[in-house]
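Here the structure comes first, spelled out in structure tokens, and everything after it is commentary.
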Amino acid sequence: MTDADKSAFIMPINEKIKKQIVNLLAKQKIKIIAEDLTIPPSPEMGDLALPCFEIAKIQKKNPAELAEELAAQITPSGLIINLKNIGPYLNFFLDYTRVAEQLFKEIQKKAEKYGQNKQVKGQKVMIEYSQPNTHKEFHVGHLRNVCIGNALVNVYKNCGCKVVAANYIGDSGAHIAKTLWYLQNFVNQTDIAKADNQGEFLGRAYTQAVAAIGDNQDRKYQVAEILQKLENNDPKIIKLWQQTKKWSLDHFQEIYRELKINFDVYYYESEEEKAGKKMLPKLLKYDFIKKSQGAIIADLQKYDLGVLVLIRKDGTALYGIKDIPLAIKKFKKYKLDTSIYVIDNRQAQYLKQIFKILELMGFDKKMIHVTYEFVQLKSGIMSSRTGNVVTYEEVKQAALNKVIKETKQRHPAWPAEKISLASQAIVMAALKFGMLKSNNNKVITFDIEEALDVNGFTGPYLQYSYARLNSIFVKSRKTCAGIDVKLDYKNLAATIEKELVKNLLKYPQIILETKQTNDPSILVHYIYKLAQDFNAFYHELPVIQAEPAVMAVRFELLKSIKQVLTNGMNILGIPILKEM
RNA sequence: GUCCCUGUAGUUCAAUGGAUAGAACAAGGGAUUCCUAAUCCCUAAAUCUAGGUUCGAUUCCUAGCGGGGACACCA
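Next up, the structure:
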């Protein structure tokens with residue numbers, strides 16, 4: 158085998174096709190790259206196209222005439238079966254018989270690895286996400302972060318990275334002091350004991366605390382005192398802090414368990430706060446870190462990044478002082494190549510400040526802020542402070558009630574356990590899909606009605622498509638066992654079948670794009686389109702009822718669709734159901 | 001005031017600078033002796049404004065208008 162053969166063998170088939178077109182043109186002394194090729198607006202026009210404008214310009218020719226010339230000169234070969242010129246475009250037609258055969262073999266051979274690439278093989282990347290604050294409610298805004306972060310962890314793994322999934326728990330700071338103050342002054346022990354979910358109870362307490370404090374200077378002073386005590390390890394307040402913190406952490410764990418999300422490492426603000434204060438003398442040696450108005454600040458005005466307060470004038474710590482030691486610690490412990498922070502866009506300025514501070518300290522490492530826009534409600538911005546939130550728990554419960562009812566109706570014979578498991582999976586699919594379907598840069602205005610919808614562009618649609626597909630396989634085992642025909646891919650002739658093949662070809666490219674943009678919505682749209690085309694196929698063409706030769710190739714197609722659906726849904730964290 | 005994000009059918013979202021701007025929901029019409037109708041098919045419906053760059057702009061640049069957000073002691 159020559160080197161060229163070897164690389165052709167390893168090369169995913171979609172790249173192979175483009176390479177062949179590039180070579181065909183090279184023979185005509187025309188240099189293009191794979192990225193020059195576009196997709197025609199409709200399949201009848203071709204499968205791939207080369208716009209001839211730029212080449213025509215260089216050759217000082219009319220683009221349409223050039224396309225015509227090229228169409229006449231080039232003899233199709235390999236996976237290209239035909240080509241023709243339409244106006245200024247040179248369009249190529251794929252030999253679906255051969256493409257399908259090779260593609261299905263590739264997908265079945267690579268299985269769960271189909272779509273993976275080695276673009277950044279061996280790179281060590283930490284992705285920090287979720288970062289919930291204890292003593293606050295876990296709302297749907299937090300859910301978006303978790304869904305994006307988890308999907309990115311999977312995408313980076315698919316691109317050959319070693320990924321460390323990190324969580325950074327906000328277990329210190331003003332919000333803690335406020336909640337503890339409220340618990341001490343307004344809540345009696347029996348109320349706490351009565352609460353069935355103490356984590357949620359605590360979240361509500363925070364909102365009530367903020368309202369109770371209001372503009373009352375006296376109360377603000379009392380809260381500041383508690384913050385001081387916390388930082389000075391006052392035993393009584395520390396005990397209350399630890400006790401209540403556990404409530405929140407248990408609640409978060411329950412949520413992660415439901416979402417089927419795991420973290421490799423947990424960091425805690427309370428610990429980084431100590432580390433930050435410890436390194437304060439070292440920090441003060443830098444010119445840009447200085448005292449100002451009684452506080453300690455990082456003065457970044459020179460860089461158009463304003464000022465970041467690190468230590469309040471009363472000596473207590475702010476968030477910035479905690480992120481600095483943490484960033485350093487991460488790289489040291491895990492020997493990272495890249496550190497990624499998944500945090501909403503409102504903190505873009507803050508992260509620029511942190512990255513700049515680290516840079517000025519001579520810490521020259523690759524840190525990326527993956528920004529996304531926040532989730533708001535129709536009634537305005539979501540805020541634990543004001544209590545204008547929709548919690549994860551309430552959305553989940555509402556969705557669950559609806560889905561359980563629906564599932565019971567559809568499957569009266571199913572045992573309760575099966576209904577419960579399926580409903581849980583459907584709800585997770587609906588919620589996660591809802592959080593991932595929009596581009597990162599789009600603000601999501603959360604609408605409970607929309608979240609409960611299971612039709613159309615939703616997670617359950619994907620699950621339903623998979624279940625139908627799976628059901629064909631289940632039925633086929635009973636009705637057509639033992640059929641043995643030679644596969645003839647010429648039987649894959651319908652437009653919708655070709656469309657599906659084309660979709661499957663594109664999958665590896667989609668994974669790469671998702672990684673490059675850090676935006677899972679790209680994958681969401683792709684998987685949805687695949688499911689949609691499958692459903693069209695399902696209605697249009699029979700499988701089990703088809704004549705054996707046709708049935709055989711359709712099964713090959715379905716196996717590949719099933720694999721890609723599985724791979725994509727796994728990355729997105731959308732649970733797969735064999736029946737629903 | 002400065003900076004960041006954003007403006008596409010009634011609504012929520014798509015569209016590496018390319019050919020006829022795609023979906024979903026909502027609206028109206030249709031499909032179930034056939035592999036799950038949580039599905040499918042059909043109809044109607046959109047690029048904020050003005051310039052510029054380009055063979056070609058929803059996409060890039062400039063200005064304006066609209067929406068959201070961040071800018072010293074919340075995280």
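Numbered by my numbering, the letters in the first sequence go through residues 158 to 737 in order.
Quick reminder that beta carbons are idealized off the backbone N, C-alpha and C, glycines included.
Asked	Found
Inter-residue CB distance, Ala706 and Asn648 (contact presumed, cutoff 8 Å)	6 Å
Ile668 and Asn171 closer than 8 Å at C-beta	no
Touching by the beta-carbon criterion (3+ pairs, under 8 Å), the region 294 to 304 and the region 198 to 209	no
Any 3 or more C-beta pairs closer than 8 Å across the region 384 to 400 and the region 322 to 336	yes
Backbone CA spacing between Asp641 and Leu236 [nearest angstrom]	27 Å
Residues of its chain near Trp338, where Cβ-Cβ distance is below 8 Å and the 5 sequence neighbours each way are ignored	Ala366, Ile370, Arg376, Gln379, Val380 and Ile383
Check whether Gly272 and Pro665 have beta carbons under 8 Å apart	yes
Candidates Arg625, Ser541 and Ile511, of which the one nearest Thr336 by Cα	Ser541
Whole-number beta carbon distance between Phe488 and Lys442, since they are thought to touch under 8 Å	Lys442 to Phe488, Cβ: 21 Å. No contact.
Contact between the region 644 to 660 and the region 247 to 264 (3+ Cβ pairs under 8 Å)	yes
Beta-bridge pairing of Asp456 - partner residues as DSSP gives them	Val464
Residue interval of the alpha helix (DSSP H) (run including Pro208)	That residue, Pro208, is in no alpha helix (DSSP H); its beta strand (DSSP E) goes Leu205 to Pro208.
Continuous alpha helix (DSSP H) stretch holding Leu534: start and end	From DSSP, Leu534 is part of no alpha helix (DSSP H) but of the beta strand (DSSP E) over Val532 to Leu534.
Rounded C-alpha distance that separates Glu285 from Ala323	4 Å
Whole runs of the alpha helix (DSSP H) within the region 376 to 426, excluding any shorter than 4 residues	392 to 416
Integer Cβ distance of Val532 from Phe603, believed to fall under 8 Å	5 Å
Euclidean distance between Cα positions of Leu722 and Asn627	11 Å
Residue nearest to Leu465 in terms of C-alpha spacing, selected from Lys459, Gly477, Gly472 and Thr473	Gly477
Residue from Pro220, Gly244, Glu225 and Phe249 whose Cα sits closest to the Cα of Ser234	Phe249
Distance between beta carbons of Ile684 and Gly725, contact taken as under 8 Å	4 Å
C-beta atoms of Ile481 and Ile511 nearer than 8 Å	yes
Buried versus exposed call for Lys163 [16 or more other C-beta atoms within 10 Å across all chains shown]	Since pLDDT at Lys163 reaches only 41, below the 50 mark, its modelled position is unreliable, and the value read off the structure follows with that caveat. Exposed, by the Cβ-count rule.
Rounded separation between Met737 and Val658 - CA only	26 Å
Tyr246, buried or exposed, once every other Cβ within 10 Å from all chains shown has been counted against 16	buried
Every unbroken beta strand (DSSP E) within the region 503 to 562, with a cutoff of 3 residues, ordered by chain	523 to 527 and 532 to 534
Cβ neighbours of Arg625 in the same chain (closer than 7 Å, five flanking residues each side left out)	Tyr695
Whether Val499 touches Gly356 by CB criterion (8 Å)	no
Stretch-stretch touch, CB-based, cutoff 8 Å, three pairs: the region 389 to 409 with the region 339 to 359	yes
Segment limits, beta strand (DSSP E) that includes Glu285	Lys281 to Glu285
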